[in-house]
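Chains X and P, in that order, are what the protein sequence lines are.
With the first letter of the first sequence counted as 1, position 153 gets the number 153 in this note's numbering; the numbers rise by one all the way through.
So the mapping is simple: this note's numbering equals the position in the second sequence, first residue as 1, plus 227.
Working notes, structure below.
There are 2 protein chains.
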Amino acid sequence: MSTSRVEPGGSRSRGVPEATVVRLPLYHRVLSALRDRGTRVVSSEQLAAAAGVSPAMLRKDLSHLGSYGTRGVGYDVDYLAFQISRELGLTHDWAVVIVGIGNLGQALASYAGFASRGFRVAALIDDDPELVGRQLQGCRIRPLADLEDAVRAEHAAIGVIATPGAAAQSVCDRLVAAGVTSILNFAPVRLRVAEGVDVRKVDLAMELQILAFHEQRKAGLHSAVAG
Amino acid sequence: MSTSRVEPGGSRSRGVPEATVVRLPLYHRVLSALRDRGTRVVSSEQLAAAAGVSPAMLRKDLSHLGSYGTRGVGYDVDYLAFQISRELGLTHDWAVVIVGIGNLGQALASYAGFASRGFRVAALIDDDPELVGRQLQGCRIRPLADLEDAVRAEHAAIGVIATPGAAAQSVCDRLVAAGVTSILNFAPVRLRVAEGVDVRKVDLAMELQILAFHEQRKAGLHSAVAG
DNA sequence: CCGTGTGAAACACTTCACAGCT
DNA sequence: AGCTGTGAAGTGTTTCACACGG
């Protein structure tokens, strides 16, 4: 990852362990793919293999949501997909405000995976007068001054920060003050937020650094064998 | 994250726990910032506060690299930053090949955070004849057929996949066959790779889904209080 | 008979508390 | 006196192995 968790969900997450929550979207995606392929029933072994986890872990994860399988048979793909959707809040439609419409912000705004999973890009905000007023994915880019209005008008609970690092904390403060309670942060800074606000951080350079660590270890082993 | 770990580093990562490896880039970034500000010595308490972790965790993490602090004093910023750099392989310069130069690929190619940390964008590859030949950050976009040549010529050990999901596995196979042993995957699929190849996955939709889960829980608590 | 659901065991990670060095 | 480095305790996560129900 390198998506990395920054803040725990708050107190207790309805009894579902955080490690499980992180895997639910994965299961949901695999189930969607199975459904599209016409599969009606799936065993924990098949589903786990498709998701790349162990069957035991999959069953334990699902057991935290309830008993949605049939012993001796497996899981009904449609039913299980719906239960996970409900647990993840994907039956709800979430308005998302994206701040910072540079290369990355544009990529995010154009990402088809959002719309198909109940996330609606409700507003695009940027500081740059060159960008403001332009249209992107049927959404007009609005100036930074409109941030609070956009959040309130759209009842956006989720904000995405794709600004340079220096602007991120100020944008974050304004989003939170306007009512946002979950933030996905792509800026390379650790955001300070009030209790009750969730922040997840995606740091592209960090991901590469983690790969480099393992890469170096592999190279070290190799040369140790060679020399 | 949510950047999520897909493959463990192989067997044992030189004794450094994976949870620690994931935080080393964070410490490295904080130390760089401190150094830029002219700080020469830092205590575990200060460093931990800046990184957003507990002092105990920071000291335990650093203890896996060696004893680089001075009791009663703290850590020398320069020295510790260098030790972490070395551990992460940032003293080495890594050639990175990016495949899929859509919105996201362009954002990645333009990301300044890479160059400053020892990652060099060595080649940009795309399938689209419209894109091939164009210049981006001083690097010409080359056709898919050039993939193997680019990897070999640049000795690229790290590949970034920013293609649509359908193309990802095929691109991955070709990268690995050409010599890539670490992959950062932005496509929403689980890549199958040979033993010894590390894959990290960054899935933007998954991150939002994890936030939505916590958001829903918060909303549920709220209405339970209200109702 | 087969595959889920789940206690119990094993493992990994984090926090605690303090010994030891400067 | 102060802060690191670390065994020990505590907590969370994964795996095991089997009872249970269709």
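In this text, a Cβ means the ideal position worked out from N, Cα and C, and glycines have one as well.
Taking 7 angstroms as the Cβ-Cβ cut-off, the segment 327-359 of chain P approaches chain X at 330, 331, 333, 334, 335, 337, 338, 340, 341, 344, 346, given in chain order. According to the DSSP secondary-structure assignment, residue 143(X) is paired through a beta bridge with 126(X). Residue 57(X) has a beta carbon lying at 9 angstroms or more from every beta carbon in chain P.
According to the DSSP secondary-structure assignment, residue 322(P) is paired through a beta bridge with 347(P). Contacts with chain X at 9 angstroms (Cβ-Cβ) do not include residue 281(P). The C-beta distance from residue 206(X) to residue 418(P) rounds to 20 angstroms, too long to fall under 8 angstroms, and the pair is not in contact. With a cutoff of 9 angstroms on beta-carbon distance, residue 385(P) and residue 429(P) are scored as not near each other. In the structure shown, residue 297(P) falls within a strand segment according to DSSP collapsed to helix, strand and coil.
Between the alpha carbons of residue 34(X) and residue 275(P) lies a distance of about 44 angstroms.
For residue 216(X), the nearest CB of chain P lies under 9 angstroms from its own CB, placing it at the interface with that chain. In this structure, DSSP gives residue 199(X) an extended state, which the three-state scheme calls strand.
Ranking 296(P), 368(P), 364(P) by CA distance to the CA of residue 270(P) puts 296(P) first. A distance of 9 angstroms or more separates the beta carbons of residue 104(X) and residue 435(P).
Under a criterion of Cβ atoms nearer than 7 angstroms, the residues of chain P adjacent to residue 157(X) are, in order, 442. In the three-state DSSP reduction, residue 409(P) falls in the strand class (E or B).
Of all residues in the segment 135-151 of chain X, none comes within less than 7 angstroms of chain P when Cβ atoms are compared. As a beta-bridge residue in DSSP terms, residue 362(P) pairs with 367(P). It is roughly 44 angstroms from the alpha-carbon of residue 387(P) to the alpha-carbon of residue 299(P). Closest by C-alpha distance to residue 302(P), out of 255(P), 335(P), 337(P), is 255(P).
A direct Cα-to-Cα measurement between residue 320(P) and residue 341(P) gives close to 11 angstroms. Along the length of the segment 28-93 of chain X, whole beta strand (DSSP E) runs at least 3 residues long occupy 74-76, reported in chain order. By the neighbour-count criterion, in which a residue is buried when 16 or more other Cβ atoms sit within 10 angstroms of its Cβ, residue 250(P) is buried. With respect to the 9 angstroms criterion, residue 215(X) and residue 318(P) are not classified as neighbours on the basis of their beta carbons.
Around the CB of residue 244(P), fewer than 16 other CB atoms lie within 10 Å, so the residue is classed as exposed.
A direct Cα-Cα distance of roughly 47 angstroms separates residue 369(P) from residue 282(P).
Taking the Cα of residue 294(P) as reference, the smallest distance to any Cα among 438(P), 393(P), 310(P) is reached at 310(P). The C-beta separation of residue 440(P) from residue 87(X) comes to about 7 angstroms, placing the pair in contact by the 8 angstroms criterion. In terms of Cβ geometry, residue 126(X) and residue 101(X) form a close pair [threshold 9 angstroms]. Counting of Cβ neighbours within 10 angstroms places residue 367(P) among the exposed residues, the total staying below 16. For residue 408(P), the chain X residues whose Cβ falls inside 7 angstroms of its Cβ are 215, 218, in order along the chain. Contact annotation for residue 434(P) against chain X: 3, 184, 200, 202 [CB-CB distance below 7 angstroms, chain order]. Taking residue 416(P) as the centre and dropping the five residues before and after it, the same chain places the C-beta of 392, 395 closer than 6 angstroms to its C-beta, in chain order.
Bounds of the beta strand (DSSP E) holding residue 386(P) are 385-388. Around the beta carbon of residue 312(P), a 10 Å sphere encloses 16 or more other beta carbons of the protein chains shown; the residue is thus reported as buried. Where residue 331(P) is concerned, the enclosing alpha helix (DSSP H) starts and stops at 330-337. Contacts with chain P at 9 angstroms (Cβ-Cβ) do not include residue 72(X).
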